[in-house]
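Protein chains in written order, with the numbering used here: chain A, 1 to 426; chain B, 427 to 949; chain C, 950 to 1067; chain D, 1068 to 1257. Read through the structure below, which is laid out as structure tokens, and then see the notes.
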Amino acid sequence: MIAMHFLQASVGWIRGLIAGQLGLAADALWVDLAIWLISALVILGVVQVGMLYATWLERKFLGRIQDRLGPNRVGIFGLLQPFADMVKMLTKEDITPAQAHRGVFNLGAILVVPPAIVVFAVVPVGIGLIATDLSVGFLFFISVASTAIIPIFMAGWGSRNKFAIIGAMRAVAQIVSYEIPQVLSVVGVLLLAGTLSTQGLTLAQGNGGAGDAIGYPGLWFVLIQPIAFVIFLLATTAEIERTPFDIPEAESEIIAGYHTEYSGLKFGLFQLSQYFMTIASAAMASILFFGGWLAPLPFLQRIGPLDLGWFWMGAKTIFFVLVFMWFRGTWPRLRSDQLMGFAWKVLVPLSLANLLMTGLIGYVTQSSTNLSGQPLLILLFFAVANALLLMATLWLIGWWRKNSERPRIRFEQAAAGELPPAEVAA
Amino acid sequence: MPNLDSILIHFSPELVLALGALVVLLYDIAIRGRDGRQAQLTLVALVLALGATFWLWGQPPLAIFEARGAAGGAVVRPGAFISDGYTHFFRLIGLLTTLLVVLSGMVYLRGRTPFKGEFYALLLCAVMAMNLMAGANDLIVVALAIEFLSITSYVLTAFLRSDPASIEAGLKYFLYGSVTSAAMLFGISLIYGVAGTTSLTPAYAPEAMRTVAGVLAEHDTIAVAGLESVLLPAIMLVLAGVGFKIALVPFHQWSPDAYEGAPTPVTAFLSVGPKAAGFAVLLRLMTRVFGDSGLMSGWMGMIGLIAILTMVLGNIAALTQSNVKRLMAYSSIAQAGYMLVGLAAYGQGQLAGLDPLGSTLLFLLAYIFTNLGAFAIIIAIDHAAGSSELEAFSGLMKRSPFLAIALAVFLFSLIGIPPLSGFVGKFAVFGSAVAAGQIPLAVIGVLTGVISVVYYFRILREAFFGQPVEGAGRLTVAPSLTFVVAVALVMTFAIGLAPGAFVDMANQAAALIAPAGEMLAGH
Amino acid sequence: MPAIPVWWYLMVATGLFSIGLYATLTRRNAVNVLMGVELMLNAVNLNAVALWRYASPTVSATVDGQSVQLLSTLDGQVFAIFVIALAAAEAAVGLALIIAVYRSRRTVELEQLDMLQG
Amino acid sequence: MSPLLLQQIAFMVLAAISLSGAWGVIRAHSVFVSALWLILSFVGVAGLYVMLEAGFLAVIQVLVYVGAISVLILFAIMLTEDVMGQAEPASQWPLAVLIVLPFFGMLAKAAFTADWQLSAGSVAPPEGASISAETAKLVTTAIPAEQGFRLPGQVVMLGRSLMTEHLLAFEVVAVVLLVALVGAIVIARD
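Listed below in structure tokens is the structure:
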């Protein structure tokens, strides 16, 4: 409470300062605009630096995984490497292919960045510390992230290069497909929290949050919805096109996919947006399932008057960024048909099953008077249901692996004339 | 919260259909593409839904999917779906149509498509959409149901995807349809704006509630607020959407192409199902919602004009067609024009004992059996010859006398020769027009009817006096198809010879959508 | 008096609708026609939401001890949501048809689709 | 500058975005570029929804139109066009103008002259149709009000509305989507 008052007071103090500078009343529209501008600049700055060091972290971490040292020449531990990289990238020649559709080609590279920045508007790092607490925060995140598809199409089409187009189409097919399990897996969490606001979702995982009000204890949602969490993590990895779901830019097949033709600064913009999205997705995973800026234990939430929300949020985000990097370092890339099959035949049914389970338990516990106020019993329900779901998962993955070979067999049979033509056509 | 029990009871035909569609799809997956009994399952679902409809006929009318207040459970918003005699009438028409279409198309489809399960599931969904159109009491449900039927129709039209004509027909149907439905939705959004609610009528609800019909009835207020200039264009836009489903001129351009390219059983379905459902929506909207006297004078002229255009253009364009499916497309456009005459005669006096709207319903009832019977024969010939050109009908008399004579009966009925059902229908609508003082409509109807003799006789001449093409032997017809022809024959004669019971049926259904007595008396 | 009169919105919607209609009437490429339809549907939604915001019946309610005017229904928004769903369904079927036509005819220019004509 | 004027400027900008996007659709020479203009128009309309205080709808607009329908359209273009393909110039435009202009005039005049406030006030909602205290509370409970956050807005109300007043439409749209899914697969599957 004290920390909250401290923060609110400080926000008020900043408002007053700005108002004083501009010579306006503290609640004037311009002050609002100035506050928005400041938060935008803060987000941009933090994310920018975060992105630069994410590249460093990635190279260092991958190096360790692969028993190497990673960058260690520029600065201590190679800490200045990102800046060297940046200078290199900015000074490279900017090439636009002669056949490219100039406008679409350039616009594609420019438009790829804004969605990746805008999503940070709904990432909270503490009470009151959020750019805008939208009532539809999570949906906002998803919908803005989904607009990133359009510049990918523009890049692929504008390049007039078949690898770029194939890469773009693969990327879009993948992103669109994985969006479905990504959203469906979270619906269970949304049901439990009863809100779409990211701030509300965070608070629902704390003591005294909305979770308590409807009979769920102040627990991180990962404990109640573990399978949903795994689905979300995998789908998100595919959404941001990282290994093992990085088919769109599989170097060995289609060079660098939709950004094959880009160089210098424009290539840098693609890199930038990808790291932005990685950080944003890591942040969203921690908000949805790991309590966001809430500390793991209540007494760790603040030191004296200082709220540590930003610290916990940052720590969790970095943890998930590392998880994505760990995926990249250790998993092989999936085949294209496996990739789509995995989304539609495994993740979508599972997330639907998870939603059904959550809805059923939620309905039972809310309609039964015996159960309200018995959080442990409810948790037990969820544990049993999740165990059942886990078994279903394993069975489903086994089935999928058995069946995912089938297209090849059918194709070979067809080639050998073993299947009737009608069936081949079908 | 809506009342679940009443939904389960009064929505049972649609629930059965939805469940049936699901079962057919799952069955199709379970048998893994082998030849199965999807058609039989579909028939079971249709018969069950028919049974439910007959059973509901004895139940008191009710509007379901109502919203109730949290506290006392009082209805705060009238039901979104009306389950009364009018709805049952169209449920019956929709279910019977589909039953006959499935029976006559079973053999035709075998071997023509690998997606039998999907075909029948879509057909069941189409019936469900038609039923929804008949009972819809909410602008949103009206829009959804029309669009639902449209989407299923597009897919069914393009169902034979190895046949370029089928796909092309589907695309043309789709493009026309999506434009007109967007126009209709625009009109609906304007009507919503005028009324402030999407709920259409206070059907069977005890309390007075805000509805579109209620707001529009306050005609003076609307005129003062200048909203009349919004409503008439809006009604016109809605007419475009519904007119597209019925294939009224000038929203008919899709229909010859779609009819010709679609698989013949689908053509049979399109020529009857969406038309009937379109009329269901049209009549209910025009009378119960826009039936206020001030508005009516605005749209009555439009309806009369459309009826004339439809009758004239349909009959004249049919004269030059060489493909029978295409010819039947224009023929069915013309028939829809005749049906519309009943609506154009509405509210201005009536033929002894027959409501003008009842005459439309009676015509519809007569039309579905006659037209489906004719189409059953076209399906049989198309199945055997692989073509629906006029030449394929040559020498039908020698190849199958039963079909040839049945065809003659159906076409005579479409012309309107007594004592067949078509005559009763035409007599009813044109009689209503005369009684309502709409003499020009009746005269044009009769004259265009005379024109229609020419093109119907072209088919009959081929069938009776033409020579069978080389190698075409006796036409063997599946028993299910013979059954359809027989049923259609029986009904054609029954409605023609003993119209009494059917007139009662149509009248009772029409009475439910006629506005209350005082509104008529106000004229 | 609100800052923006409702007819401004309605005018934008009408403009979108008219441009969409023009596109459907003049464009030869089936995909372009479909885009025109999408514009028309957007006009529908804008209309519905604007009229919801400005022309819905209102009721008084007490929220947190303060008496406020609330819009009593969400019909316009619900209508728009359903139209969006319909647009998605329609686009899926329509584009499937376009792709199927292209597969059999190698064109999606409407003037070259002339197998059926009377 | 007053908030009122600011709102009007915002409206103008968004309206200009929507309409210029639509104009681009009919003027662009390439189908792909047409589609990009269309997306711009969608975004503009989403902005107008925000101005109309329909935030949920704005997000849905972006999610479905920009994120899904335009992607479908772009896919169809990529699958059906020669990548370099140029659309032919529009045909029959005089006729189309003849149809569209009177239509626009009629609707625009109607929208301008009509007194839309009529429907807002004329019929009083009956007892029970008003938002109950209970409902009003529900809208605000998702986040404890004393913590001073914004209301979750209309999302909760929309959900309730879909599950009560519009239950039938909600169920039907599910079947429509299933039918569209099945239909699209039947038609387009290789």
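C-beta: ideal position from N, C-alpha, C; glycine also.
query                                                                                                                                                                       : result
Output yes if chain D places a C-beta closer than 8 Å to the C-beta of residue 157 (chain A); else output no.                                                               : yes
Using a Cβ-Cβ cut-off of 8 Å, state whether residue 1023 (chain C) counts as contacting chain B.                                                                            : no
Could you confirm whether any beta carbon from chain A is found closer than 8 Å to the beta carbon of residue 1137 (chain D)?                                               : yes
Any idea what DSSP makes of residue 940 (chain B), helix, strand or coil?                                                                                                   : coil
To the nearest angstrom, how far is the alpha carbon of residue 1166 (chain D) from that of residue 402 (chain A)?                                                          : 59 Å
Can you say whether residue 363 (chain A) is buried or exposed, counting buried as having 16 or more other CB atoms within 10 angstroms of its CB?                          : exposed
Could you check what DSSP says for residue 1095 (chain D) in three-state terms: helix, strand or coil?                                                                      : coil
How would you call residue 38 (chain A), buried or exposed, if buried means at least 16 neighbouring beta carbons within 10 angstroms?                                      : exposed
Helix, strand or coil, according to DSSP, for residue 1056 (chain C) in the structure here?                                                                                 : coil
By a C-beta neighbour count over all protein chains shown, 10 Å radius and 16 as the cutoff for buried, is residue 162 (chain A) buried or exposed?                         : exposed
Rounded to the nearest angstrom, how far is the Cβ of residue 537 (chain B) from that of residue 454 (chain B), given a contact under 8 Å?                                  : Rounded, the Cβ-Cβ distance is 16 Å, inconsistent with contact.
Please list the partners that residue 350 (chain A) has in chain D, where partner means a Cβ-to-Cβ separation under 7 Å.                                                    : None at all; the shortest Cβ gap to chain D is about 19 Å.
In the DSSP output, what is residue 815 (chain B) paired with across the bridge?                                                                                            : B:749
Report buried or exposed for residue 312 (chain A), applying the criterion of at least 16 other Cβ atoms within 10 angstroms of its Cβ.                                     : buried
Does the beta-carbon of residue 542 (chain B), which I'm using as the reference point, lie nearer than 7 Å to any heavy atom of the ligand ADP?                             : Summarising the ligand content, the structure contains no ligands, and the ligand ADP is consequently not present.
Taking a Cβ distance cut-off of 7 Å, strictly less, list which residues of the segment 1031-1062 of chain C are near chain B, in chain order.                               : 1031, 1032, 1035, 1038, 1039, 1042, 1043, 1046, 1047, 1049, 1050, 1053, 1054, 1062
Measuring only between beta-carbons, confirm whether residue 1027 (chain C) sits less than 8 Å from chain D.                                                                : yes
Just to confirm, is the Cβ distance from residue 762 (chain B) to residue 672 (chain B) under 8 Å?                                                                          : yes
Output, in chain order, the set of chain D residues within a Cβ distance shorter than 8 Å of residue 571 (chain B).                                                         : 1239
Using CA coordinates, which residue listed in D:1107, D:1256, D:1235 is at the minimum distance from residue 430 (chain B)?                                                 : D:1235
Out of C:978, C:962, C:954, C:1043, point me to the one whose CA is closest to residue 1055 (chain C)'s CA.                                                                 : C:978
Using 8 Å as the threshold, is the C-beta distance between residue 261 (chain A) and residue 164 (chain A) below it?                                                        : yes
I want to see whether chain A comes within less than 8 Å of residue 1084 (chain D), judged by CB atoms only; does it?                                                       : no
What is the DSSP secondary structure of residue 978 (chain C), counted as helix, strand or coil?                                                                            : strand
Which complete alpha helix (DSSP H) runs does the segment 503-573 of chain B hold, if anything under 4 residues is left out?                                                : 511-535, 542-561
Run down chain C in chain order and give the residues with a C-beta less than 8 Å from the C-beta of residue 581 (chain B).                                                 : 1042
Listing by chain order, which chain C residues have their CB less than 8 Å from the CB of residue 1234 (chain D)?                                                           : Result: empty, since nearest Cβ-Cβ is about 11 Å, beyond 8 Å.
Under the three-state reduction of DSSP, which class applies to residue 488 (chain B): helix, strand or coil?                                                               : strand
Just to confirm, is the Cβ distance from residue 472 (chain B) to residue 525 (chain B) under 8 Å?                                                                          : yes
Can you tell me which of the three DSSP states residue 714 (chain B) falls into?                                                                                            : helix
Say whether chain C places a C-beta atom closer than 8 Å to the C-beta of residue 903 (chain B).                                                                            : no
Along chain D, in chain order, which residues have C-beta atoms closer than 9 Å to that of residue 1064 (chain C)?                                                          : The premise fails here: residue 1064 (chain C) is roughly 17 Å from chain D at the closest Cβ pair, so nothing lies under 9 Å.
Roughly how many whole angstroms lie between the Cα atoms of residue 310 (chain A) and residue 126 (chain A)?                                                               : 6 Å
Quick one: measure Cβ to Cβ for residue 1065 (chain C) and residue 591 (chain B), integer angstroms, because I've assumed they're closer than 8 Å.                          : 6 Å
Under three-state DSSP, which class holds residue 303 (chain A)?                                                                                                            : strand
Tell me which residues share the same chain as residue 329 (chain A) and place their Cβ nearer than 6 Å to its Cβ, disregarding the 5 neighbours each side in the sequence. : 62, 65
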